[in-house]
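Quick note on the working numbering: the sequence shown kicks off at 13 and runs consecutively.
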Amino acid sequence: MNEKGTAITRANSSNPSQAAARVKRLKPVDPGDGRRRCNWAATDPLLASYHDHEWGVPIKTDSGHLERMALEVFQCGLSWKIVLVKRDALRDRFDGFDVQRVARFDQRRIKRLCSDAAIIRNRAKIEATVSNARVFIELAERHGSYVKWLKGLDASTPRAIAALYPLFRTTFKFMGPETTKCYLMGMGKIAASHDQGCWRE
């Protein structure tokens, strides 16, 4: 969701944060379990689970952040549901997104991933994830951990939030403004609003 609490309307829409900006507030739909959710998560169990348990919830570990950043990178140009469907395979092939292990992936490992039909086979995105793991290590060496570095970033005002977009674009690969916004909302660094009537509003 964006700061105005708008929601997506299509199951094959892009990341919730991106699609949120395209439409006005919409009435949440009850998927059958008695809870009313944002429209983007109302009709699919996988999206509903992500919405209920992960969307906007702070992440506490470096590996958790690497995974979420990687999912946002892999989502570019695709639907969020596709990413969630392939999430378990991505987690397995990237060694649980252990930062140290992913940072050591070599070209042979990357080539093998590029031919693995169980994941999203985009070489640029795979290489970006490996590169970003190495940046995580560099930040951890200077700040104690990636989480500590992230915690030190100001996101208390619109101006401060706007300054984060070029920072992430120049620090990491494949993290343009929209992808960065999705990542920051998804893990709770900036507000993730919900539709009126959503049980998490």
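For glycine and all other residues, C-beta sits at the position ideal for the given N, C-alpha and C.
Count the other CB atoms within 10 Å of the CB of residue 126; is the residue buried (16 or more) or exposed (fewer)?
Reading the sequence shown from its first residue, position 114 is the one you call residue 126. With fewer than 16 neighbouring CB atoms inside 10 Å of its own CB, residue 126 falls in the exposed class.
Tell me whether residue 73 is buried or exposed, calling it buried when 16 or more other Cβ atoms sit within 10 Å of its Cβ.
Sequence index remark: in the sequence shown, residue 73 carries index 61 (1-based). Exposed, since its Cβ has fewer than 16 Cβ neighbours within 10 Å.
Take residue 201 and list the residues in its own chain whose beta-carbon comes closer than 6 Å to its own, dropping the five residues that flank it on each side.
Mapped onto the sequence shown, residue 201 falls at position 189. These residues qualify, in order along the chain: 167.
Any idea what DSSP makes of residue 49, helix, strand or coil?
The residue labelled residue 49 in the question sits at position 37 within the sequence shown. When DSSP states are grouped into helix, strand and coil, residue 49 belongs to the strand group.
Who are the near neighbours of residue 161 in its chain, counting only those whose CB is closer than 7 Å to its CB and skipping five residues on each side?
If you number the sequence shown from 1, residue 161 lands on position 149. Here residue 161 has 151 and 155 as same chain residues with Cβ atoms under 7 Å from its own Cβ, once five neighbours each way along the sequence are excluded.
If residue 69 sits next to residue 140, beta carbons under 8 Å apart, how far is it from one beta carbon to the other, in whole angstroms?
As a first step, residue 69 must be located in the sequence shown, where it is residue number 57. As a first step, residue 140 must be located in the sequence shown, where it is residue number 128. Not really, about 24 Å apart at Cβ, beyond 8 Å.
Can you give the Cα-Cα distance for residue 121 and residue 129, rounded to whole angstroms?
Position 109 of the sequence shown holds residue 121. Position 117 of the sequence shown holds residue 129. Between residue 121 and residue 129, the C-alpha separation is close to 15 Å.
Assuming residue 62 and residue 96 are in contact, meaning their beta carbons sit under 8 Å apart, how far apart are those beta carbons, in whole angstroms?
Start at 1 with the first residue of the sequence shown, and residue 62 comes out as number 50. Start at 1 with the first residue of the sequence shown, and residue 96 comes out as number 84. The pair is a contact, with the Cβ atoms about 6 Å apart (cut-off 8 Å).
For the 8 Å Cβ check, are there 3 or more pairs between the stretch 192 to 209 and the stretch 165 to 182?
Counting Cβ pairs under 8 Å, three or more are found: they touch.
Mind checking residue 100: buried by the 16 CB within 10 Å criterion, or exposed?
For the purposes of this step, residue 100 is identified with residue 88 of the sequence shown, where counting begins at 1. Residue 100 should be labelled exposed.
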